[in-house]
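Asks: My questions all concern the structure below.
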Amino acid sequence: MSATTDFVAAQAENRRNTMVLLTVLTALAGGIGYLVGALMEGESSGSLPAVSQVGIAGAGLMAAVSIGWSAISLAVGDKMVLSMAGAKEIEKQDAPLLYNVVEEISIAAGVPMPRVMVLETDALNAFATGNKVGSGTIAVTRGLLNTLDRDELQGVVAHEMAHLRNLDTRYMVVVGVTVGLIALVCDMALRTLNWGSTRSSDRKGSSGGGILIIVLLVVAILAPLAAKAVQMAVSRQREYLADATSVQFTRNPNGLISALGKLAEKAAPFPGVSRATQHLFIVNPINRFTSKTPALLATHPDIADRIARLRNLGG
Amino acid sequence: MSSWIFLGIVVAIGLWLIAVYNGLVGGRNQAQTAWSQIDVQLKRRHDLIPNLVQVVKDAMAYEQETLTKVIQARNNAVAASGNAAQSGPAEAALSQATHGLLALMENYPQLKANDNVMQLQEELTTTENKIAFARQFYNDSVNTYNTRRQSFPAVLAAASLGFGPMDLFNMPESEREVPKVALR
């Protein structure tokens with residue numbers, strides 16, 4: 000059974016890549032917190048210590064704010080996303096086929112049945128949101144429901160179920176908050192440096208502080224961009240992971256492959272979708288998929304690439 | 000000094016035993032839950048088949064043999080349920096018969112106009128899928144559990160903690176072939 004080991008290996012690789020990216024992001028956030036703290040200590044005492052206590056406190060503060068902010072976002076984000084997209088919850092009699100397919104895949108995934116929702120638009124797309132196993136929602140568009148056959152629908156639902164089981168909503172919220180926090184602190188640091196440079200002209204210069212200011216200046220300009228690139232890279236890894244997990248559930252890559260082919264042609268933007276929620280969908284609803292978007296800042300991998308990887312899993 | 004080291008080793012072994020125990024309990028419970036899901040879906044299929052045969056039997060009057068076979072297989076499966084050894088083959092035979100019936104129904108366009116038939120057909124299709132997926136999840140869970148209890152160092156403690164190996168739910172390979180539809 001080479002197919003079995005293949006999706007297991009693919010999942011392991013995607014998980015590893017996510018961990019590397021999260022480590023980079025954490026180091027970035029902690030490093031900025033330390034730099035800002037060290038600089039503040041240097042400013043007030045006039046000399047730079049080898050290891051700055053305030054800097055360590057700054058790194059800790061970054062972590063604490065990041066965790067607290069994430070918790071708040073996780074508590075309210077779910078409902079906001081669903082009401083923004085205009086999704087309506089359905090019962091079994093409203094769309095028996097969709098409901099049955101979701102039920103089948105939840106059995107295959109071994110997770111409790113999520114809520115099922117439909118978006119009233121002709122565009123083809125689907126998304127999942129949920130913070131913990133057992134309280135998720137899977138939403139598909141009416142256009143998707145009318146266009147895909149049973150196998151294709153199964154592939155798409157399995158991809159969304161994979162996002163729920165792999166807790167991708169949680170990952171992306173935490174990553175998004177950390178990236179936002181890095182941008183905020185860097186912005187504040189740049190403003191403060193602007194101020195400080197005019198004030199400190201009459202003070203006796205400390206060369207150590209000068210170097211640190213230049214380092215902070217460079218970091219404050221580059222870090223938000225780097226953090227954004229890491230965030231998008233995590234998003235793409237989670238898409239690959241969800242594709243591989245989808246095959247684990249259905250043992251049939253062909254359904255998802257043919258569904259992605261149709262989605263590539265007809266995934267148009269629709270009301271209720273925005274840049275804030277674009278990363279949730281199975282294919283990006285805003286960017287054109289045939290055009291080569293700058294790979295570094297894309298939420299989703301190229302569809303052709305995803306299909307090629309799925310073909311490999313088929314063995 | 001040496002008594003502290005001894006105490007440390009005892010605590011470490013205790014913590015390790017707890018971890019092994021909890022891991023194995025979790026794995027076994029997951030497999031048992033998956034098994035009960037298979038049971039639920041098999042019962043659902045036993046209930047659905049007579050209904051479906053009832054509504055299609057007039058339109059499919061010439062397929063009497065197939066219909067009889069399906070009912071026969073269903074009754075055998077019901078009789079075998081509860082007996083693990085016989086249940087597997089009986090359910091496999093029923094799967095084969097059901098797929099044969101579903102395939103044969105495609106030849107009767109007039110059935111597609113009947114909402115009741117379409118609804119029952121969809122229910123039977125999804126139940127078939129649920130059986131297959133539940134079996135797949137059960138077997139994966141059992142494989143994970145068995146691997147965990149056979150891996151070193153858990154293998155040293157698993158048997159004495161009362162964790163025996165679990166069996167896969169097998170459907171004999173020959174009975175899973177694509178059903179051949181006999182045309183008279």
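Line order of the protein sequences matches chains A and B.
Everything in the first sequence is counted per numbering that gives the first Met the number 0, starting at 0 for the first residue and increasing by one.
Everything in the second sequence is counted per numbering that gives the first Met the number 0, starting at 0 for the first residue and increasing by one.
Heads up, the beta-carbon is just placed ideally off N, CA and C, and yes, glycines get one too.
How about B/Glu105: is its C-beta nearer than 8 Å to some C-beta of chain A?
Replies: No, because no Cβ of chain A sits closer than 8 Å to the Cβ of B/Glu105.
Asks: Got a sec, what are the start and stop residues for the beta strand (DSSP E) A/Val115 sits in?
Replies: A/Val115 -> beta strand (DSSP E) spans Arg114 to Leu118.
Asks: Does the distance from the C-beta atom of A/Ala127 to that of A/Ile137 stay below 8 Å?
Replies: A contact, by the Cβ cut-off of 8 Å.
Asks: Mind checking who A/Glu88 pairs with in its DSSP beta bridge?
Replies: Beta-bridge pairing links A/Glu88 to A/Met116.
Asks: Taking DSSP as the reference, what is the three-state secondary structure of A/Thr361?
Replies: Nothing in the structure corresponds to residue 361 of chain A, since chain A is present only between 0 and 314.
Asks: CA-CA distance, A/Leu183 and A/His158?
Replies: Near 34 Å, if we compare the C-alpha coordinates of A/His158 and A/Leu183.
Asks: Is A/Ala8 close to chain B? Criterion is C-beta to C-beta, closer than 8 Å.
Replies: Taking Cβ atoms only, chain B never reaches closer than 8 Å to A/Ala8, which makes this a no.
Asks: Any C-beta of chain B within less than 8 Å: which residues of the segment 102–135 of chain A qualify?
Replies: For the segment 102–135 of chain A, which is checked against every Cβ of chain B, the residues closer than 8 Å are Glu102, Glu103, Ile104, Ile106, Ala107, Ala108 and Gly109.
Asks: Count the other CB atoms, across all protein chains shown, that sit within 10 Å of the CB of A/Asp201; report buried if there are 16 or more and exposed otherwise.
Replies: Confidence at A/Asp201 is low in this model, with a pLDDT of 45, below 50, so the placement of that residue should be treated as unreliable; the coordinate-derived value is given next. Under this definition A/Asp201 is an exposed residue.
Asks: What is the DSSP secondary structure of A/Ala303, reduced to helix, strand or coil?
Replies: Note: A/Ala303 maps to helix in three-state DSSP.
Asks: Is there a C-beta anywhere in chain B that falls below 8 Å from the one on A/Pro95?
Replies: At least one chain B Cβ lies under 8 Å of A/Pro95.
Asks: Are the C-beta atoms of B/Leu123 and some chain A residue less than 8 Å apart?
Replies: No, B/Leu123 lies away from the interface with chain A (no Cβ there is under 8 Å from its Cβ).
Asks: Shorter than 8 Å from the beta carbon of A/Arg250 to some beta carbon of chain B?
Replies: Closer than 8 Å to some Cβ of chain B, the Cβ of A/Arg250 qualifies, so yes.
Asks: Just the chain B side, please: which residues come within less than 7 Å of A/Asn99 by C-beta, in chain order?
Replies: In chain order: Glu121 and Thr125.
Asks: Which same chain residues, not among the five before or five after A/Thr289, have their C-beta less than 6 Å away from its C-beta?
Replies: At A/Thr289, the pLDDT of 47 sits below 50, so the modelled position is not reliable; the number obtained from the coordinates is stated separately. Result list for A/Thr289: empty, nothing under 6 Å.
Asks: Determine the contact status of A/Thr389 and A/Val80, defining contact as a CB-CB distance below 8 Å.
Replies: For residue 389 of chain A there is no data in the structure shown, the boundaries of chain A being 0 and 314.
Asks: Can you tell me whether A/Ile137 is helix, strand or coil according to DSSP?
Replies: Of the three classes helix, strand and coil, the one that applies to A/Ile137 here is strand, per DSSP.
Asks: Can you look up A/Phe358 in the DSSP assignment and give me helix, strand or coil?
Replies: Residue 358 of chain A lies beyond the residue range present for chain A, which begins at 0 and ends at 314; the question has no answer from this structure.
Asks: A/Ala63: buried (16+ other C-beta within 10 angstroms of its C-beta) or exposed?
Replies: With fewer than 16 Cβ atoms within 10 Å of its Cβ, A/Ala63 is classed as exposed.
Asks: Between the segment 88–108 of chain A and the segment 43–60 of chain A, do three or more beta carbon pairs fall short of 8 Å?
Replies: No, they do not touch.
Asks: Mapping the DSSP letters down to three states, classify A/Phe280 as helix, strand or coil.
Replies: If DSSP states are grouped into helix, strand and coil, A/Phe280 belongs with the strands.
Asks: What in chain E is Cβ-close to B/Asn128, meaning under 7 Å?
Replies: Included in the structure are the protein chains A and B, with no chain E among them.
Asks: Please identify, using Cβ separations under 9 Å, the residues of the segment 13–33 of chain B that lie next to chain A, in order along the chain.
Replies: Listed in sequence order: Gln29, Thr32 and Ala33.
Asks: CA-CA distance, A/Asp301 and A/Arg235?
Replies: Near 9 Å, if we compare the C-alpha coordinates of A/Arg235 and A/Asp301.
Asks: Against chain B, with Cβ distances strictly below 8 Å, would A/Glu90 count as a contact?
Replies: Answer no: the Cβ-Cβ gap between A/Glu90 and chain B never drops below 8 Å.
Asks: Give the straight-line distance between the Cα atoms of B/Leu51 and B/Asp57, rounded to the nearest whole angstrom.
Replies: Rounded to the nearest angstrom, the two C-alpha atoms are 11 Å apart.
Asks: Could you compute how far the alpha carbon of A/Glu151 sits from the alpha carbon of A/Gly254?
Replies: A/Glu151 and A/Gly254: Cα-Cα distance of roughly 4 Å.
Asks: In three-state terms, what does DSSP make of A/Arg274?
Replies: Coil.
Asks: Which stretch, first to last residue, makes up the alpha helix (DSSP H) that contains B/Thr185?
Replies: Here chain B comprises residues numbered 0 to 183, so residue 185 of chain B is not present and cannot be evaluated.
Asks: State the start and end residues of the unbroken alpha helix (DSSP H) segment that holds B/Leu14.
Replies: Element bounds for B/Leu14: Ser1 to Val55.
Asks: For the pair the segment 37–47 of chain B and the segment 115–129 of chain B, tell me if three or more CB-CB distances fall below 8 Å.
Replies: Result yes; three or more Cβ-Cβ pairs closer than 8 Å.
Asks: In whole angstroms, give me the CA-to-CA distance for A/Leu24 and B/Val69.
Replies: Taking the straight line joining both Cα atoms gives about 59 Å.
Asks: Taking the alpha-carbon positions, what's the B/Ser150 to B/Ala156 distance?
Replies: Straight-line Cα distance between these residues: approximately 10 Å.
Asks: My output table needs one value for A/Ile285: the three-state DSSP class, helix, strand or coil.
Replies: Reduced to three states, the DSSP call for A/Ile285 is coil.
Asks: Does any CB atom of chain A fall closer than 8 Å to the CB of B/Ala133?
Replies: Judged by the 8 Å Cβ criterion, B/Ala133 is in contact with chain A.
Asks: If we call anything under 8 Å between Cβ atoms a contact, is B/Val54 one with B/Val116?
Replies: Contact: yes.
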